[in-house]
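Colleague: Okay, handing you the structure first.
Okay, here's the thing in structure tokens:
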């Protein structure tokens, strides 16, 4: 039997004040096409369906259309859990009413105890257990168990599930957590501070497959069958070289058989370009992917008047500019960048570019005095 | 066949900064008990399920539990439309997936065209058409029809529905609108300004029953079978004498048979008490309903120090105090209240109450000068 493992859709996410909804719509279209052409027994979403507990209406509409097509038209069941970005109770409304239609939203610990069982020739009965995103406080309160860390909470919940495994069933777990030792990206929201959010993969070894969500880079942890599918698309520039998409999982009569990455490609990729302005402007003219979302690192050593306006003429979706050429390293202790050039030099560059001529001696003295005055005021 | 017509639940509503959720929970408990003891073929909610388009989580949970019990345990279908307070798209998520379980959320014009058909021995096939709350702009945009008023919009939508009536079917309409000539209350949010929100009942005469929502007072309009059930409970003090609850509707082979009001009573009633403070304090000591939500109108002619504190000792849920005894009428043009007594008289009252003695001549002069100074400053 085959199912698709996905996670971290983050529908409705904004990136540098740009809505990613059109990109998300396109990626979901690719997903629907894939399932239409390559039928699977289930689609899994291991948390963070939405980017916020109160998602924008347009994100809800997109999710609704996707669900209507996959469950309604393709008759493919969807099994999902809320992640740390989702509002579990908001997402869970009507879960009981939706179940028979093939949409399984597992948002409470009660629902966690009743797996979704799918029967196939190849793997017999496969029980999908959804562990909704949780923290130690929630588990301590709900079960009156003295757990104080994410690790203990997940160990406790996993043992509750494994103790009720049915003989002969294959068992799949959905969980939204941070596996100890796994690799994080820049676009995840920390679950807690200082490493206390880490969970050992050992607790999950009894399952035939563990479909993880939270970390945005596809990866396995500890075992071949304990995996993050990674996010639907890139959500930070530092993910520029990560593969994004879905994990196609195959189970057979022995349990886990294989996991294969299936690419999904957002129309706008997120990437970083580092060069001098003139080189970037030249390159942009022939760049087939000039509509990508860009972080531009200008290596020029002189000040440039309104570089964003210039860049956007060839790369319309430059979202952020950094100027490493203008910095002498980074002051590590303070995390502050110090300007390599003085204010007067900077103003000279600006004046040259704006007026196409150098400052006269008189102008130079005047601006020098103004800057001194301002600097003095600032210090006072 | 019998069904219950309700509307304007407004789950999650606040009243003078007090959450009404516990009252709503109790009223819904009474509703569930009623249905459990007196089975009906459907429960209708004619809009304003929630008080806001983004309802608080606790309101969603209460709705979820209510739906689980009525649809899940009692197997009674629920048919509902969004009102002007609801977010139609937010409320409509998963509607397609819920339908088979008996929860029918009709939140789009497409869904409006497919009635929920319930068949009974007494009345044959009954088609329930839900007209989601709409305004002329929405209808004009969606259907490219040149409607400019609520009346035209509803006339157009009603004619679309009546034109597809099936022969032999009984037809019920759910609509959330303001019937021309009907009585409004203080707790409805206007649909538009200046009377352009009124809809003629004539457009709806072809239906066998019209289950209306929006106006909070139970009433019929034009025909016995065109009715507002009124809100679930009182939502303003001026509704103190209104009956609140549900309308039990009976249809038979001839169509409309009867409509009966079924009382639902919130644990805290909303009411107005008007008297002098001392009388109210005496009455409160033996008032069996001293926990009601109260608007107190003090008729005392002198200033009283902290009347709220005194009142709440006997009536803990006084939510608002008015002091008509302290006012000389209302300046009609400005809508402003003018104090009957001067500042010095007021201070005398205050001092007497706080210190149990009159102002000395010296004190009286001092305060008089202070007040003069302040009044002068204020004028400048």
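Chains as they are written, first to last, in the UniProt record's numbering: chain L, 1 to 380; chain H, 1 to 380.
Glycine included, every Cβ here is placed at the ideal spot set by N, Cα and C.
#1: Three or more C-beta pairs under 8 Å: does that hold for the stretch 40-53 of chain L against the stretch 1-16 of chain L?
#2: If I follow the unbroken beta strand (DSSP E) through residue 119/L, where does it start and stop?
#3: Mind checking residue 361/L: buried by the 16 CB within 10 Å criterion, or exposed?
#4: Could you tell me if residue 239/L is buried or exposed, where buried requires 16 or more neighbouring beta carbons within 10 angstroms of its beta carbon?
#5: Quick check: is the beta carbon of residue 336/H nearer than 8 Å to any beta carbon in chain L?
#6: Would you list the one or two residues that DSSP bridges to residue 178/H?
#7: Quick one: which chain H residues come within Cβ less than 8 Å of residue 60/L?
#8: Look up residue 299/L in the DSSP assignment and say whether it is helix, strand or coil.
#9: Report yes or no: is there a C-beta of chain H within less than 8 Å of the C-beta of residue 80/L?
#10: Verify the CB distance criterion: does residue 101/H have a CB-CB separation below 8 Å to chain L?
#11: Please list, in chain order, all residues of the same chain as residue 152/L whose beta carbon is under 6 Å from its beta carbon, the five residues on each side excluded.
#12: In whole angstroms, what separates the C-alpha of residue 22/L from that of residue 85/L?
#13: Can you tell me whether residue 19/H is helix, strand or coil according to DSSP?
#14: Three or more beta-carbon pairs under 8 Å between the stretch 268-276 of chain H and the stretch 221-238 of chain H, yes or no?
#15: Could you have a look at residue 52/H and say whether DSSP puts it in helix, strand or coil?
#16: The beta strand (DSSP E) that contains residue 245/L, what's its start and end?
#17: So, residue 79/L versus residue 63/L, is the Cβ gap smaller than 8 Å?
#18: Do you know how far the Cα of residue 28/L is from the Cα of residue 391/L?
#19: Determine, using beta carbons only, whether residue 24/L comes closer than 8 Å to chain H.
#20: Looking at residue 319/L and residue 30/L, is the spacing between their C-beta atoms short of 8 Å?
#21: At a CB-CB cut-off below 9 Å, which residues of chain L make contact with residue 67/H?
#22: Applying the criterion that 16 or more other CB atoms from any shown protein chain within 10 Å of the CB defines a buried residue, is residue 56/H buried or exposed?
#23: Could you please give the first and the last residue of the uninterrupted beta strand (DSSP E) stretch that includes residue 224/L?
#24: With distance defined between alpha-carbon atoms, name the residue in 369/L, 247/L, 186/L, 98/L nearest to residue 72/H.
#25: Whole-angstrom Cβ separation of residue 81/L and residue 130/L, contact assumed at under 8 Å?
#26: If you reduce the DSSP assignment to three classes, tell me which class residue 462/L lands in.
#27: Can you tell me the Cα-Cα spacing of residue 301/L and residue 53/H, whole angstroms?
#28: Per DSSP, which residues does residue 271/L bridge with? Please list them.
#29: Going by alpha carbons, who is nearest to residue 51/H out of 170/H, 87/H, 354/H?
#30: Could you tell me which residues DSSP pairs with residue 261/L in its beta bridges?
#31: Can you confirm whether residue 72/L, when its beta carbon is compared against all beta carbons of chain H, has any partner nearer than 8 Å?
#32: Could you check whether the Cβ of residue 76/H sits closer than 8 Å to any Cβ belonging to chain L?
#33: Can you tell me whether DSSP reads residue 337/L as helix, strand or coil?
#34: Indicate whether residue 232/L and residue 363/L have their beta-carbon atoms separated by less than 8 Å.
#35: How would you list, in chain order, the residues of chain H whose beta-carbon sits under 9 Å from the beta-carbon of residue 134/L?
Modeller: With the given structure in hand:
#1: yes
#2: 116-120
#3: exposed
#4: buried
#5: Its pLDDT being 43, under 50, residue 336/H is placed unreliably by the model, and the measurement read from it follows with that caveat. For residue 336/H, the answer is no, since every Cβ of chain L falls outside 8 Å of its Cβ.
#6: 198/H
#7: 89, 90, 93
#8: coil
#9: no
#10: yes
#11: none
#12: 20 Å
#13: strand
#14: yes
#15: coil
#16: 245-252
#17: no
#18: Residue 391/L is absent from the structure shown; chain L starts at 1 and stops at 380.
#19: no
#20: no
#21: 93, 94, 96, 97
#22: buried
#23: 223-228
#24: 98/L
#25: 4 Å
#26: Outside the shown range of chain L (1 to 380) lies residue 462/L, about which nothing can therefore be said.
#27: 52 Å
#28: 294/L
#29: 87/H
#30: 247/L
#31: yes
#32: no
#33: Residue placement at residue 337/L is poorly supported in this model, since its pLDDT is 43, which falls under 50; the coordinates still yield a value, given next. Looking at residue 337/L - three-state DSSP - the assignment turns out to be strand.
#34: no
#35: Residues of chain H passing the Cβ test: none, with the nearest at roughly 16 Å.
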